[in-house]
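Asks: This is the structure I have questions about; it appears just below.
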Amino acid sequence: MTSIVERAGLSVAAELADFIEQQVLPGTDIDARPFWSGVASIFADFAPRNRALLEKRDALQAQIDAWHRDRAGQPIDQTAYEAFLREIGYLVPEPAPFTINPQKVDAELATLAGPQLVVPVLNARFLLNAANARWGSLYDALYGTDALPGAAKPGGYDPERGAQVIAWAKAFLDRAVPLVSGSWVDMGDPAKGFAIADGTQYVGATARGRLFRKNGLHIEVVFDRNHPIGKDDPSGIADVVLESALSTIVDLEDSVAAVDAQDKVAAYANWLGLMKGDLTATFEKGGKMLTRALNQDRIFKDREGSQWSLKGRSLLLVRNVGHLMTTPAVRLADGNEAPEGILDGIVTSLVALHDLKATGAVRNSLTGSIYIVKPKMHGPEECAFTNDLFDAIEDLLGLERHAIKVGVMDEERRTSANLAACIFAVKDRVVFINTGFLDRTGDEIHTSMRAGPMIRKGDMKTSDWIKAYEDRNVQIGLACGFSGQAQIGKGMWAAPDRMADMLEQKIAHPRSGANTAWVPSPTAATLHATHYHEVDVPVRQQERKAEAIAPLGDLLTVPLAQGINWSEQDIVEELENNAQGILGYVVRWIDQGVGCSKVPDINDIGLMEDRATLRISSQHIANWLLHGVCSEAQVNAAFEKMAAKVDAQNAGDPLYRPMAGHPDSLALQAARALVFEGVTQPNGYTEPLLHAWRQRVKANA
Numbered sequence: 009m010t011s012i013v014e015r016a017g018l019s020v021a022a023e024l025a026d027f028i029e030q031q032v033l034p035g036t037d038i039d040a041r042p043f044w045s046g047v048a049s050i051f052a053d054f055a056p057r058n059r060a061l062l063e064k065r066d067a068l069q070a071q072i073d074a075w076h077r078d079r080a081g082q083p084i085d086q087t088a089y090e091a092f093l094r095e096i097g098y099l100v101p102e103p104a105p106f107t108i109n110p111q112k113v114d115a116e117l118a119t120l121a122g123p124q125l126v127v128p129v130l131n132a133r134f135l136l137n138a139a140n141a142r143w144g145s146l147y148d149a150l151y152g153t154d155a156l157p158g159a160a161k162p163g164g165y166d167p168e169r170g171a172q173v174i175a176w177a178k179a180f181l182d183r184a185v186p187l188v189s190g191s192w193v194d195m196g197d198p199a200k201g202f203a204i205a206d207g208t209q210y211v212g213a214t215a216r217g218r219l220f221r222k223n224g225l226h227i228e229v230v231f232d233r234n235h236p237i238g239k240d241d242p243s244g245i246a247d248v249v250l251e252s253a254l255s256t257i258v259d260l261e262d263s264v265a266a267v268d269a270q271d272k273v274a275a276y277a278n279w280l281g282l283m284k285g286d287l288t289a290t291f292e293k294g295g296k297m298l299t300r301a302l303n304q305d306r307i308f309k310d311r312e313g314s315q316w317s318l319k320g321r322s323l324l325l326v327r328n329v330g331h332l333m334t335t336p337a338v339r340l341a342d343g344n345e346a347p348e349g350i351l352d353g354i355v356t357s358l359v360a361l362h363d364l365k366a367t368g369a370v371r372n373s374l375t376g377s378i379y380i381v382k383p384k385m386h387g388p389e390e391c392a393f394t395n396d397l398f399d400a401i402e403d404l405l406g407l408e409r410h411a412i413k414v415g416v417m418d419e420e421r422r423t424s425a426n427l428a429a430c431i432f433a434v435k436d437r438v439v440f441i442n443t444g445f446l447d448r449t450g451d452e453i454h455t456s457m458r459a460g461p462m463i464r465k466g467d468m469k470t471s472d473w474i475k476a477y478e479d480r481n482v483q484i485g486l487a488c489g490f491s492g493q494a495q496i497g498k499g500m501w502a503a504p505d506r507m508a509d510m511l512e513q514k515i516a517h518p519r520s521g522a523n524t525a526w527v528p529s530p531t532a533a534t535l536h537a538t539h540y541h542e543v544d545v546p547v548r549q550q551e552r553k554a555e556a557i558a559p560l561g562d563l564l565t566v567p568l569a570q571g572i573n574w575s576e577q578d579i580v581e582e583l584e585n586n587a588q589g590i591l592g593y594v595v596r597w598i599d600q601g602v603g604c605s606k607v608p609d610i611n612d613i614g615l616m617e618d619r620a621t622l623r624i625s626s627q628h629i630a631n632w633l634l635h636g637v638c639s640e641a642q643v644n645a646a647f648e649k650m651a652a653k654v655d656a657q658n659a660g661d662p663l664y665r666p667m668a669g670h671p672d673s674l675a676l677q678a679a680r681a682l683v684f685e686g687v688t689q690p691n692g693y694t695e696p697l698l699h700a701w702r703q704r705v706k707a708n709a
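For the sequence shown, the residue numbers in our numbering are 9 to 709.
What follows is the structure in C-alpha cells.
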C-alpha cells in the first residue's frame with residue numbers, strides 16, 4: 009500500500025511529497041508550506057471546471073449519438089448536420105482575424121524548421137539519446153539503415169557500403185552547399201583552399217572541420233586524414249554531421265504507462281534530471297558498460313576568429329496528459345483522485361524552474377520559457393481552461409505571465425473543427441500546433457459511432473476529411489500568424505526500419521508548409537533533416553498563406569462505408585489486422601508497463617506504437633460490431649488467432665507472458681475489453697481500461 013501524507017488538506021502519496029520537497033523545491037526559492045497551499049487552491053478552483061468540461065464532452069456525444077440514431081439508414085444531410093452541430097455548441101463562431109503573440113520563444117520553435125522527436129519520459133537512455141540528437145552523423149545514418157540500397161556486409165567496415173554512403177552524402181553537399189566550381193566529390197585538398205558558391209553559408213571553423221548553414225540548419229564537414237574514412241578520402245572528409253532534432257517532446261502521455269504515484273515520480277524525476285542537466289543512464293553495449301549524459305554545447309570560431317557556441321541538445325518540451333484521467337498520487341479534500349493533467353502542469357513547471365534559474369550545468373530554454381504540449385483537448389473551452397490553469401501555475405511559482413508556453417495537439421475532431429477559436433484561446437502563449445492522424449481518426453470514428461459502419465482503416469488516409477484536416481492545420485496556423493513565431497507540425501513516421509521510404513515520402517511535410525514533423529529515432533532525425541535543406545519552409549509558408557482555407561464541410565464529412573460489398577475474407581482480414589495490432593501493443597503495456605515500442609505488425613514489420621494506434625484499432629472493431637458488419641464470434645476468433653501470432657513474435661522476450669490458450673491473461677482480457685466496451689468508453693479513449701488492468705497486474709506482482 010502507498011503511504012499517504014497530508015498536505016494543505018490534500019492526501020498526497022508520500023513518495024511524491026518527498027520527491028517534491030527534497031529534490032525539486034530546493035534551489036527554486038519556494039518553500040514547501042506555501043507551495044502546497046497554492047497547489048490545494050489550484051485543485052479547488054480547477055478540478056470542478058475540469059469535471060464540468062468532461063461532462064460537456066459526454067453531453068455533446070449523447071446528442072450526436074441521438075441525431076444519428078434518429079436518422080439510421082439515411083444519407084447524412086451535410087447542411088442539416090452542420091446546423092445541428094452549431095445548435096448544440098459543438099461548432100462555435102469563428103473569431104475575428106487575429107495574430108498570435110507569444111513572447112520569448114526560442115528559435116528552435118519560432119524561426120527554425122527541422123525534425124522533432126517524441127520520447128517516453130520513463131526511459132532515461134532513450135531520453136538522453138533524443139536530447140543529444142541535436143547533431144547526427146549523416147554517414148552513420150546512411151550506412152546502418154536501408155536509406156541506400158543493399159546493406160553493409162558483416163565483419164567490420166564494408167568499403168563498398170562506405171563508398172555508397174560517401175557518394176550520397178557528397179551529392180547532398182553539392183545541393184546544400186554547392187562549390188563555386190566542381191563537386192565535393194573531386195574538391196581536392198581543402199588545405200589548398202576551396203570556395204562555396206554562396207559565401208554567406210560559411211559560418212566558421214570547428215575543431216574538426218568547417219561549419220556551414222542552409223535554411224537555418226547547420227552542416228559540419230569533418231576533415232580528418234587520421235580517421236579510417238578520412239585517410240582514404242581525396243579531400244580527407246571523415247564525416248558530414250547535420251543539425252538534426254531541433255526539438256524533442258518528452259512524453260508523459262501516450263508513450264508511457266504511468267498508472268500510480270510510483271510511475272509518476274519516476275517520470276517527474278527524469279524530467280528533473282533533464283532540467284538540471286544531471287540525468288545519466290548506464291547500460292551494457294557490446295560487452296562493455298557505458299554511461300550516457302547530456303551533450304555539452306558545440307564550440308566554433310566565426311570568420312573573424314571569435315569563439316561562439318551552438319546548442320548541443322534539442323530544445324525540450326514536455327507533454328502532459330490531457331483532461332480525462334485522474335491519479336491516485338493525490339486525493340482531493342472530497343476523497344476523489346486529483347485530475348492528472350493539473351498535477352502534471354504544476355509539477356513539470358516546478359521542475360522546469362531549475363532550467364529558468366540555471367541551477368544546473370546546461371540550459372534548455374535560452375529565453376526563459378517553459379514548453380508544455382497539451383494533448384487531447386476538445387474545443388476552445390478546454391484550451392481556455394488550460395490557459396487559465398497555466399496563469400494560476402505561473403502565479404504559484406512566481407513566473408511572469410505567459411512564461412509557460414503551450415503546444416496544442418490538433419488531434420480531436422472538435423478542436424480541428426474549431427481550430428482558429430482554439431488558437432485564439434491561447435494566443436499569447438501558443439508555440440505549436442500539430443496534427444495527429446491516429447488519435448484524430450479514433451475520435452472521428454467515436455464521434456460518429458452511431459452514423460453507420462466506417463470504411464476500412466487503411467482507407468482512412470485517402471478519405472475526404474483527412475486531406476481537409478491536414479490542409480486546414482497549416483492554413484489556419486498561417487492565417488493566425490504562426491510563421492516566424494511558432495511551430496506548425498506534422499505527425500510521426502511510424503516505421504523506424506524503413507528509412508528509404510521515409511526519405512522518399514516525408515519531404516511532403518516541409519513541402520506542406522509545416523516547419524516540423526515527428527520522427528521515431530535520432531537516425532531518422534538526421535535523415536529527415538536533409539529535407540529541410542531541400543525545402544525553404546518560410547518561403548513555402550508564404551506561398552500557402554495565399555490559399556483559401558479548406559472547407560469545413562470536407563472536414564466534417566463522415567467516412568462511412570457506402571454500399572458495403574466486403575467479402576467475408578475482407579472482414580476477417582480487417583479484424584485480424586486490428587486485433588494483432590491491439591494485442592501486440594497491449595500485452596507490453598499491461599504486463600511490462602511499456603508504453604511505446606517497436607511492435608511487429610501482422611506482416612512482421614516493426615512499427616512504433618502508442619495509445620493513439622490502439623485507439624483507432626479498438627474503435628474500428630467496436631464500430632463494425634455495433635453495425636453488424638462482423639459478429640462477436642468473428643472478433644473472438646480473430647483475437648484467439650492473433651494471440652498465437654503475437655506470442656510467436658515475442659518468443660525471444662524472457663519477460664513475455666503468453667496469451668494464446670491463457671484466458672486468465674490480464675493483457676488478453678484488457679485487449680478484448682477495449683473492443684467490447686469500446687462504444688461506451690469516453691470519446692473512445694483507451695486510458696481508463698488500460699490503467700485499470702495495469703493496476704491489477706501491479707497489485708498481483
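Virtual Cβ for every residue (Gly too), placed ideally from N, Cα, C.
#1: Can you give me the C-alpha to C-alpha distance between Ile496 and Ala532, rounded to a whole angstrom?
#2: DSSP state of Ala318, grouped into three classes?
#3: Kindly indicate which residue of Gly669, Gly686, Ala265 has the alpha-carbon position closest to the one of Val129.
#4: Whole angstroms is fine: what's the gap from Lys435's alpha carbon to Ala494's?
#5: Give every residue of the same chain whose Cβ lies closer than 7 Å to the Cβ of Gln549, excluding the five residues on either side of it in the sequence, and list them in chain order.
#6: Excluding the 5 residues preceding and the 5 following Thr621 in the sequence, name in chain order all residues of the same chain whose CB lies nearer than 6 Å to its CB.
#7: Count the other C-beta atoms from every protein chain shown that fall within 10 angstroms of the C-beta of Ile96, then say buried if there are 16 or more, exposed otherwise.
#8: Does the ligand NAP have even one heavy atom less than 7 Å from the beta-carbon of Val267?
#9: With burial defined as no fewer than 16 other Cβ atoms inside 10 Å of the residue's Cβ, what is the status of Tyr540: buried or exposed?
#10: Whole angstroms is fine: what's the gap from Leu407's alpha carbon to Ile108's?
#11: Where do the N-terminal and C-terminal ends of the alpha helix (DSSP H) with Pro546 fall, by residue?
#12: Starting from the C-beta of Ser424, find all residues in its chain whose C-beta is less than 6 Å away, skip the five residues before and the five after it, and write them out in chain order.
#13: From Val173, Phe134, Trp75, Gly669, pick the residue whose C-alpha is nearest to that of Ala149; which is it?
#14: Over the uninterrupted beta strand (DSSP E) stretch that includes His226, give me the two end residues.
#15: Taking the alpha-carbon of Gly349 as reference, which of Leu361, Gly343, Pro336 has the nearest alpha-carbon?
#16: Taking the continuous beta strand (DSSP E) assigned at Arg216, which residues delimit it?
#17: Looking at Ala274 and Leu125, is the spacing between their C-beta atoms short of 8 Å?
#18: Less than 8 Å between the beta carbons of Asn58 and Pro383, yes or no?
#19: Taking Leu136 and Ala301 to be in contact with their CB atoms under 8 Å, please state how far apart those CB atoms are, rounded to whole angstroms.
#20: So, are the CB atoms of Ala22 and Ala48 less than 8 Å apart?
#21: How close, in whole Å, do the beta carbons of Tyr379 and Val326 come, if the pair is a contact with beta carbons under 8 Å?
#22: Please report the distance separating the alpha-carbon of Ser626 from that of Asp259.
#23: Enumerate in chain order the residues of its own chain whose CB-to-CB distance from Lys178 is below 6 Å, with the five nearest sequence positions on each side excluded.
#24: Any beta-carbon of chain D closer than 8 Å to the one on Val338?
#25: Given this structure, state the Cα-to-Cα distance separating Gly81 from Asp472, to the nearest angstrom.
#26: To the nearest angstrom, how far is it from the Cα of His670 to the Cα of Ala392?
#27: If you count every other CB in all the chains shown that lies within 10 Å of the CB of Asn708, and 16 or more means buried, which is it?
#28: Between Val6 and Ala215, is the Cβ-Cβ spacing less than 8 Å?
#29: Please state the DSSP three-state secondary structure of Lys64.
#30: What residues are listed by DSSP as bridge partners for Arg15?
#31: Closest by CA to Gly387, which one among Asp352, Ala74, Ala428?
#32: Sort out for me which residues DSSP pairs Leu721 with in a bridge.
#33: On the DSSP letters alone, give me the boundaries of the alpha helix (DSSP H) that Thr534 sits inside.
#34: Could you check what DSSP says for Phe54 in three-state terms: helix, strand or coil?
#35: Per DSSP, which residues does Asn442 bridge with? Please list them.
#36: Since I believe Ser322 is in contact with Arg142 (beta carbons under 8 Å), could you give me their beta-carbon distance rounded to a whole number of angstroms?
Replies: Quick answer:
#1: Straight across, the Cα-Cα distance linking Ile496 with Ala532 is about 19 Å.
#2: A small fix is needed here, since residue 318 is Leu in this sequence, not Ala. In the three-state reduction of the DSSP assignment, Leu318 falls in the strand class, which pools E and B.
#3: When only C-alpha atoms are compared, the closest one is Ala265.
#4: Roughly 11 Å between the two C-alpha positions.
#5: Close CB contacts of Gln549 within its chain, under the 7 Å cut and outside five residues either way in sequence, are with Leu486, Ser491, Gly521 (chain order).
#6: Excluding sequence neighbours, Thr621 sits near Leu446.
#7: Classification of Ile96: exposed, given that the 10 Å Cβ count is below 16.
#8: Annotation note on the ligand NAP: not contained in the displayed structure, which lists no ligands.
#9: Tyr540 is buried by the Cβ-count criterion.
#10: Taking the CA atoms as reference points, Leu407 sits about 21 Å from Ile108.
#11: Membership of Pro546 in the alpha helix (DSSP H) is indicated by the continuous run 545 to 552.
#12: Beyond the five residues adjoining it in sequence on each side, Ser424 comes within less than 6 Å, by CB distance, of Asp418, Tyr477 in the same chain, given in chain order.
#13: Comparing alpha carbon positions, the residue from Val173, Phe134, Trp75, Gly669 closest to Ala149 is Val173.
#14: It spans 225 to 231 - the beta strand (DSSP E) in which His226 sits, taken as one unbroken run.
#15: Among Leu361, Gly343, Pro336, the Cα nearest to that of Gly349 is on Pro336.
#16: Membership of Arg216 in any beta strand (DSSP E) is not indicated, and neither H nor E is assigned to it by DSSP.
#17: Cβ distance not < 8 Å, so Leu125 and Ala274 don't count as in contact.
#18: The criterion of a C-beta distance shorter than 8 Å is not satisfied by Asn58 and Pro383.
#19: The C-beta distance from Leu136 to Ala301 rounds to 7 Å, short enough to meet the 8 Å contact threshold.
#20: No, the Cβ-Cβ distance between Ala22 and Ala48 is not below 8 Å.
#21: With a Cβ gap of about 7 Å, Tyr379 and Val326 count as contacting.
#22: Between the alpha carbons of Ser626 and Asp259 lies a distance of about 23 Å.
#23: Within its own chain, the residues whose Cβ lies closer than 6 Å to the Cβ of Lys178, once the five positions on either side in sequence are excluded, are Trp192, Val193, listed in chain order.
#24: Note that chain D does not occur in the displayed structure, where there is just one protein chain.
#25: Gly81 and Asp472 have their C-alpha atoms spaced approximately 21 Å apart.
#26: Cα-Cα distance, rounded: 47 Å.
#27: Result: exposed.
#28: Outside the modelled stretch of the chain, which goes from 9 to 709, sits residue 6, for which no answer is possible.
#29: Of the three classes helix, strand and coil, the one that applies to Lys64 here is helix, per DSSP.
#30: DSSP, once it has assigned bridges, lists Leu18 as partnering Arg15.
#31: Of the residues Asp352, Ala74, Ala428, the one whose Cα lies closest to the Cα of Gly387 is Ala428.
#32: No statement about residue 721 is possible, as the shown extent of the chain runs from 9 to 709 and does not include it.
#33: Where Thr534 is concerned, the enclosing alpha helix (DSSP H) stretches over 530 to 542.
#34: Annotated three-state conformation of Phe54 is helix, per DSSP.
#35: In the DSSP assignment, Asn442 forms a beta bridge with Met417, Gly497.
#36: Arg142 to Ser322, Cβ: 5 Å. Contact.
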